[in-house]
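Position 31 of the sequence shown, counted from 1, bears residue number 33 in this note's numbering, the numbering being contiguous throughout. Note that beta-carbon positions come from the ideal geometry of N, C-alpha and C, so glycine has one too. Bear in mind the structure is a predicted one, so any value in this text is a computation, not a measurement.
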Amino acid sequence: MARKVLHIPGKWHGGQPIPPATKTGPLVTSGGVMGMNPDTNEVPEDIAEQAKWAFEHVRRIMAAAGGTTDDIAHMNVFVKSRDARPIINEEWVAMFPDEESRPTRH
Numbered sequence: 003m004a005r006k007v008l009h010i011p012g013k014w015h016g017g018q019p020i021p022p023a024t025k026t027g028p029l030v031t032s033g034g035v036m037g038m039n040p041d042t043n044e045v046p047e048d049i050a051e052q053a054k055w056a057f058e059h060v061r062r063i064m065a066a067a068g069g070t071t072d073d074i075a076h077m078n079v080f081v082k083s084r085d086a087r088p089i090i091n092e093e094w095v096a097m098f099p100d101e102e103s104r105p106t107r108h
């Protein structure tokens, strides 16, 4: 099975030779998806803006893979502070509104 690099806007991984995501068969994997603004290649100070961009990058990765966020089975979400969880949860519920059809999350 051939691996395919999935390209989305922005300069990922500090210019290192690491793609933002790949697809091998039906499996899509990503590197560290962060809340970087792809127009500036900078991470905004505002955590809500970071969360908005991070979840938008997930949508773009899934679209580049030929899928949608409905195809996601599990996501890892890392934050510096627990105080960010309500903001992350707001984006999470917006992306996965059906509580009976949400992926697991760590």
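If the criterion is Cβ atoms closer than 9 Å, does the pair residue i and residue j meet it?
i	j	result
Gly-37	Pro-22	no
Asn-39	Val-45	yes
Val-79	His-108	yes
Thr-70	Phe-98	no
Compare the Cα-Cα distances from residue i to each of the options and report the closest residue.
i	options	result
Lys-6	Gln-52, Thr-24, Ala-50, Glu-58	Thr-24
Ile-20	Leu-8, Pro-28, Thr-26, Gly-27	Leu-8
Met-3	Thr-26, Ile-74, Gln-18	Thr-26
Ser-83	Ala-53, Pro-28, Phe-57	Ala-53
Excluding the 5 residues preceding and the 5 following residue i in the sequence, name in chain order all residues of the same chain whose CB lies nearer than 6 Å to its CB.
i	result
Ile-49	Ala-86, Ile-89
In the DSSP output, what is residue i paired with across the bridge?
i	result
Arg-84	Paired residues: none, contrary to the question.
Val-30	Lys-25
Met-77	Arg-107
For residue i, collect the residues of the same chain with a Cβ closer than 8 Å to its Cβ; drop the 5 residues on either side in sequence, then sort them by chain order.
i	result
Gly-34	His-15
What do you reckon, is the C-beta of residue i under 8 Å from a heavy atom of the ligand ADP?
i	result
Gly-34	Absence of the ligand ADP from the depicted structure is noted, as is the absence of any ligand whatsoever, leaving it without description.
Ordered along the chain, which non-local residues of its own chain (more than five positions away) have a Cβ less than 7 Å from that of residue i?
i	result
Asn-43	Gly-12, Lys-13
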